[in-house]
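Here's the structure, in structure tokens; my notes come after.
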Amino acid sequence: AQSVAQPEDQVNVAEGNPLTVKCTYSVSGNPYLFWYVQYPNRGLQFLLKYITGDNLVKGSYGFEAEFNKSQTSFHLKKPSALVSDSALYFCAVRPILISSGSARQLTFGSGTQLTVLP
Amino acid sequence: DAGITQSPRHKVTETGTPVTLRCHQTENHRYMYWYRQDPGHGLRLIHYSYGVKDTDKGEVSDGYSVSRSKTEDFLLTLESATSSQTSVYFCAISDLQKNTEAFFGQGTRLTVV
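These protein sequence lines are chains Y and L, in that order. Numbering follows my numbering, with no gaps: position 45 of the first sequence is 45. Numbering follows my numbering, with no gaps: position 86 of the second sequence is 1086.
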């Protein structure tokens, strides 16, 4: 079965500083990886995804993520944080090959609350 | 925004009563999912569907059933609601063959008293 770990429940960073939100995964075969953001009382919004190709993926709002196969990680990064980036961030994974059962499932981590301090 | 609508958006119900939540999409995506979101647990998959009348269980399926009689609608039923099912429920859609990301509805806040 696949799984996602977001080891930090809370990340605090000062505005203007770089931010990193960590994600590691476990999946059978090669993965598709996703980052989502959730603002209060809203649904999840897609930020970026890794399918194949370059290990550095660029997404919405200046976010990027680095895929590291050997470390099974997909950390979310931004060079300069904004107060408006404060939100709940989720990492998700599913296998590339869609066969049956868990391969069809999109599995999420427990989420990381990012707070950017002015 | 992707065409995905959840109804109702809010509901309060009594313990022991059946409850049905509806997810409606206009994107013709094959895959539909029901998740629940609880503090400290993130999003946990309840059930999902990979086609009309094709459904499968997720991580936390006990006490829930689903039905998908047409592509655009995916219903989640709490057969006899319990206080532990108080949660925020999200529907998501995806077209895995096209490698798209999942799109989420706005959520349904369910309170079981």
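For every residue, glycine included, the Cβ atom is placed at its ideal position computed from N, Cα and C.
Give me the residue from L:D1062, L:S1087 and L:Y1031 with the minimum Cα distance to Y1048 (chain L). Measuring from the Cα of Y1048 (chain L), the nearest candidate turns out to be L:Y1031.
Name the residue from Y:A1, Y:S70, Y:F67 and Y:G16 whose alpha carbon lies nearest to the alpha carbon of D85 (chain Y). Shortest Cα-Cα distance from D85 (chain Y) to any of Y:A1, Y:S70, Y:F67 and Y:G16 involves Y:G16.
Cβ-Cβ distance between F108 (chain Y) and A92 (chain Y) below 8 Å: Yes, the pair counts as a contact, with Cβ atoms nearer than the cut-off.
Look up R1030 (chain L) in the DSSP assignment and give the residues it is bridged to. Paired residue(s): none; R1030 (chain L) is not in a bridge.
What are the partner residues of Q10 (chain Y), as DSSP defines its beta bridges? By DSSP's assignment, Q10 (chain Y) forms a beta bridge with Y:Q113.
Closer than 8 Å, Cβ to Cβ, to anything on chain Y: give me those residues from the segment 1024-1043 of chain L, in chain order. Hits within the stretch, in order: Y1031, Y1033, Y1035, G1040, H1041, G1042 and L1043.
Find the residues of chain Y that neighbour F1090 (chain L), judging by a C-beta separation of less than 9 Å, and give them in chain order. Result: G43 and L44.
Hey, could you find the ends of the beta strand (DSSP E) V57 (chain Y) is sitting in? Residues L56 to K58.
Same chain, Cβ closer than 6 Å to R1022 (chain L), neighbours up to 5 away in sequence not counted: Only residues of its own chain outside the window of five on either side were considered, and among them S1007 and L1075 have a CB closer than 6 Å to the CB of R1022 (chain L), listed in chain order.
Between Y1064 (chain L) and chain Y, is any beta-carbon pair separated by less than 8 Å? When Cβ-Cβ separations below 8 Å define contact, Y1064 (chain L) makes no contact with chain Y.
7 Å Cβ cut-off: residues of chain L touching F119 (chain Y): In this structure chain Y extends from 1 to 118, so residue 119 (chain Y) is not present and cannot be described.
Taking 6 Å as the limit between beta carbons, can you name the residues of its chain near K1011 (chain L), skipping five residues before and five after? Cβ contact annotation for K1011 (chain L) (same chain, cutoff 6 Å, sequence separation greater than five): L1110, in chain order.
Do T72 (chain Y) and T20 (chain Y) have their C-beta atoms closer together than 8 Å? Not closer than 8 Å, so no.
Less than 8 Å separating the beta-carbons of G43 (chain Y) and G1042 (chain L)? Contact annotation: G43 (chain Y) and G1042 (chain L) have beta-carbon atoms that are not nearer than 8 Å.
Reduced DSSP secondary structure (H/G/I, E/B, other) of Y25 (chain Y): Y25 (chain Y): strand per DSSP, three-state reduction.
Rounded C-alpha distance that separates H75 (chain Y) from C1091 (chain L): CA-CA distance, H75 (chain Y) to C1091 (chain L), rounds to 26 Å.
Going by beta carbon distance, what residues of the same chain come within less than 8 Å of E1027 (chain L), once the five residues before and after it are set aside? Only A1002, G1003, I1004, I1093, D1095 and F1103 meet the Cβ criterion.
Best match in Y:Y36, Y:I96 and Y:P40 for proximity to Q6 (chain Y) [C-alpha to C-alpha]: Check the Cα spacing between Q6 (chain Y) and each of Y:Y36, Y:I96 and Y:P40: the tightest is with Y:Y36.
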